[in-house]
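Novice:
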Amino acid sequence: MEHWFHSLGPEEEIRKRAELLQLFTAADTNGDGKLTPEEWKNLLNSSGIHATREEVDRFFLSMDRDFDGRLSFAEIMGEETPIEKLFKLMDKNGDGFVSKKEFMKICKKLSKEQVQIAFLKFDMSGDDRLDYREFCEMIRKHKEEKK
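Mapping of the sequence shown onto the numbering used here: position 118 corresponds to residue 183, and the numbering continues sequentially without gaps.
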C-alpha cells in the first residue's frame, strides 16, 4: 500500500483505502472477492478511464500473483495475499519451494500417501518440490473441489 499513498498522512491513507475498497466491492458484481478482467474494465470505464481489453490483460498479467485470472483487493493494492503468506509459512527454509517434508510439517492431518498424490498431480517440474506457481494451482484446485 505504501506505493499508492506514500505522501499521505495515516488518516488520509485509511480514508483513501476505504474509498478504494468501496469501489472494488461495487465492481465485484458476482461478490466473490475478486475482480475479473471484465469487472476491472467496467470499473475503469465507469470511472472515466477508457481501457482496452489488451491493456486490462497486460495489467492482469502483471498484478495477478496467484495466477487465477482474477484480482483480489490485496493484489491490486500491492499487498501480500493470503496465498503468498501461506507459501512463505510452508517454505520453512526460504528457498522458494515447498518440499514434501515442509508440506507435511504444516498439513499434519494429511497422510504421506495424500501428500504424494498431491505432488504427483501438481509438481509439474518433477523435482519433488512445489514452486510458487505450482503451489497456487494446487490451492486453487483444492478450493474448487470444496465448492
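Where is the CB? At the ideal position from N, CA and C, for every residue including glycine.
Nothing here was measured: the structure is a model prediction, and the numbers come from that model.
In this structure, how does DSSP classify Glu67 when only helix, strand and coil are distinguished?
Specialist: Caution is warranted here: a pLDDT of 47 is assigned to Glu67, below 50, making its placement in the model unreliable, and the coordinate value is therefore given only provisionally. It is helical.
Novice: Relative to the alpha-carbon of Lys186, which residue among Lys157, Asp131, Cys201 has its alpha-carbon at the smallest distance?
Specialist: Looking at the Cα atoms, Cys201 is the closest of the given residues.
Novice: Taking C-beta to C-beta, are Ala92 and Glu104 nearer than 7 Å?
Specialist: Yes. Within cutoff.
Novice: Would you tell me roughly how many angstroms separate the C-alpha atoms of Ser127 and Glu144, rounded to the nearest one?
Specialist: Each residue's alpha carbon lies about 14 Å from the other.
Novice: Hey, would you say Phe125 sits closer than 7 Å to Pro102, going by beta carbons?
Specialist: Going by C-beta atoms, Phe125 is nearer than 7 Å to Pro102.
Novice: Among residues of its own chain, excluding the 5 on either side of Phe162, which ones have a beta-carbon nearer than 7 Å to its beta-carbon?
Specialist: Asp156, Arg194, Leu195, Asp196, listed in sequence order.
Novice: Given this structure, state the Cα-to-Cα distance separating Gly96 from Ser190, to the nearest angstrom.
Specialist: Those two C-alpha atoms are separated by around 35 Å.
Novice: With DSSP collapsed to three states, give me the class of Ser164.
Specialist: In the structure shown, Ser164 sits in a strand (DSSP, three-state: E or B).
Novice: What is the DSSP secondary structure of Asp122, reduced to helix, strand or coil?
Specialist: The answer is helix: DSSP assigns Asp122 an H, G or I state.
Novice: Using a Cβ-Cβ cutoff of less than 7 Å, which residues in the same chain neighbour Ile204 once the five nearest sequence positions on both sides are dropped?
Specialist: Ile148, listed in sequence order.
Novice: Work out the CA separation of Asp129 and Ser111 for me, nearest whole Å.
Specialist: Roughly 22 Å separates the two Cα atoms.
Novice: In terms of residues, what are the limits of the beta strand (DSSP E) holding Arg194?
Specialist: Counting along the chain, the beta strand (DSSP E) containing Arg194 begins and ends at 194-196.
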